[in-house]
């Protein structure tokens, strides 16, 4: 919710509504590409990363929690 509150503070209500609508459309496209009809299936989707990204993550000692 914080990104949305930041958007309201910085851009106002009208622009935030546009931002949220855009976010929803992007999420629908992502869910379609991953064959995830709902959020639970989206959470279960495999995460695919390139070797370069995995190396970058490991070099920084970051941990990905599922």
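Residue numbers (my numbering): 47 to 112. Built from N, CA and C at the ideal position, the CB exists for glycine as well. Please read these numbers as outputs of a predicted model, since none were measured by experiment.
Delimiting residues of the alpha helix (DSSP H) encompassing residue i
{"i": "residue 77", "result": "48–79"}
{"i": "residue 97", "result": "97–105"}
{"i": "residue 85", "result": "85–90"}
Reference residue i, options the options, closest by Cα
{"i": "residue 94", "options": "110, 83, 106", "result": "110"}
Whether residue i touches residue j by CB criterion (9 Å)
{"i": "residue 84", "j": "residue 73", "result": "no"}
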